[in-house]
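Here's the structure, in structure tokens; my notes come after.
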Amino acid sequence: MSEISSTGDLMLTVLESVAAHGPVSATQCARLCDINRTVAHRLLTTLARRLYVIKITGGYVLGPAAMAVAAQAQPSIVSFAKPEMARLARDMRETVVLHGLADDEAVVLDQALDLTHVVVVRHNPGSRHPLIRGASGWSLLAFLPAKVIERQLAPLPDAERQAALQRLAKVRALSYAHSRDELQLGVHGLAAPVCGADGIAQASVGILVPQSRATNLMSMAGPLVACAKAIGAKLSA
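Residues 7 to 243 (the working numbering) are what the sequence shown spells out, left to right.
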């Protein structure tokens, strides 16, 4: 019989476990795969780095890289969001971006581009940023459990932490976040959380515009929030 890579075989076993049982923690994955927790964590971290899995509030689930190579994989946030994002990008004539969560960071899962304008904002899938930067990060953080918020804000000086708490409260009240020049100079963004049935953010959907078209951005808040709710309804169905 031909030799196989034991590490590769274990990694595929872990990936199959996430596909069948996700979201799962490293401990749950270790138990399901009958392997050491440290080994499970290392394999999950490797898969997450390549976006074959992503870490959300409840544990690890399949990521966009797995979706790209596995046509028969279970439905993901990306597959639910794609048609809604394309519609919003077409209607608003701007870039629409989907962020997920990975290791307490916001990670770009997908984007829908409208090429009507010469100047188009792009936010490439796989790029990451802290949850306390950018509209997408703030819209995610505002709808995460209190312990996650505390962990994110703990390193900030008192004045900045209080300002952050006020900003998060405003995001919750409006159901969307707004930012400018936080991730890319000359770029403004709006983002709304995509929540599951429990009200916890699983992703965020955002609209990105260049400074030259920023005056129209706030008028897009209603359609943006409606798009996020439509995606959330699909996740909860």
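Note that CB positions come from ideal geometry on N, CA and C, so glycine has one too.
* Tell me, which residues are paired with T111 by DSSP? -> For this step, residue 111 is matched to residue 105 along the sequence shown. Here the sequence assigns Glu to residue 111, which means Thr is not the residue at that position. Answer by DSSP bridge pairing, in chain order: A108 and P136.
* **Residues that P199 bridges to, as DSSP identifies them** => Along the sequence shown, one-based indexing puts residue 199 at 193. Looking at the DSSP assignment, P199 forms a beta bridge with S210.
* Asked: Cα separation between R55 and T63?
  -> Here residue 55 refers to the residue found at position 49 of the sequence shown. Here residue 63 refers to the residue found at position 57 of the sequence shown. Our two residues, R55 and T63, have alpha carbons roughly 17 Å apart in a direct line.
* **Identity of the residue in S31, D97 and E166 nearest I213 by Cα** => Walking along the sequence shown from the start, residue 213 turns up at place 207. Of S31, D97 and E166, the residue nearest in Cα terms is D97.
* Residue range of the unbroken alpha helix (DSSP H) whose run includes S85 -> Indexing the sequence shown from 1 puts residue 85 at position 79. For S85, the uninterrupted alpha helix (DSSP H) segment begins and ends at I83 to M98.
* Evaluate the contact criterion for the region 145-163 versus the region 174-191: three or more CB pairs, one atom per stretch, below 8 Å. => Taking 8 Å as the limit for Cβ pairs, the verdict is that the region 174-191 does touch the region 145-163.
* **4-residue-minimum alpha helix (DSSP H) runs that sit fully inside the region 118-181, ordered along the chain** => Counting only runs of 4 or more, we get 140-147, 152-159 and 164-180.
* Asked: Which residues mark the beginning and the end of the alpha helix (DSSP H) in which V67 is found?
  -> As a first step, residue 67 is located in the sequence shown; it is residue number 61 there, counting from the start. Counted as a single uninterrupted DSSP element, the stretch harbouring V67 is not any alpha helix (DSSP H) but the beta strand (DSSP E) occupying residues G65 to L68.
* Determine, using beta carbons only, whether A198 and L241 come nearer to each other than 8 Å. => Sequence index remark: in the sequence shown, residue 198 carries index 192 (1-based). Sequence index remark: in the sequence shown, residue 241 carries index 235 (1-based). Contact check for A198 against L241 fails: the beta carbons are separated by 8 Å or more.
* To do: Compare the beta carbon distance of G65 and P29 with 8 Å and say whether it is the shorter of the two.
  => Residue numbering aside, residue 65 sits at position 59 when the sequence shown is read from its first letter. Residue numbering aside, residue 29 sits at position 23 when the sequence shown is read from its first letter. Yes, the pair counts as a contact, with Cβ atoms nearer than the cut-off.
* **Through-space distance from T51 to A220, alpha-carbon basis** => Along the sequence shown, read from residue 1 onward, the residue named residue 220 stands at position 214. Along the sequence shown, read from residue 1 onward, the residue named residue 51 stands at position 45. Each residue's alpha carbon lies about 38 Å from the other.
* **Cβ neighbour criterion (16 or more within 10 Å) applied to M224** => The residue given as residue 224 occupies position 218 in the sequence shown. With fewer than 16 other Cβ atoms within 10 Å, it is exposed.
* Distance, Cα to Cα, T44 vs D204? -> As a working note, residue 44 is residue 38 in the sequence shown. As a working note, residue 204 is residue 198 in the sequence shown. T44 and D204: Cα-Cα distance of roughly 30 Å.
* What's the call for K4, buried or exposed, on a 16-neighbour Cβ count within 10 Å? -> Residue 4 falls outside the range modelled here, since the chain spans only 7 to 243, and no answer is possible.
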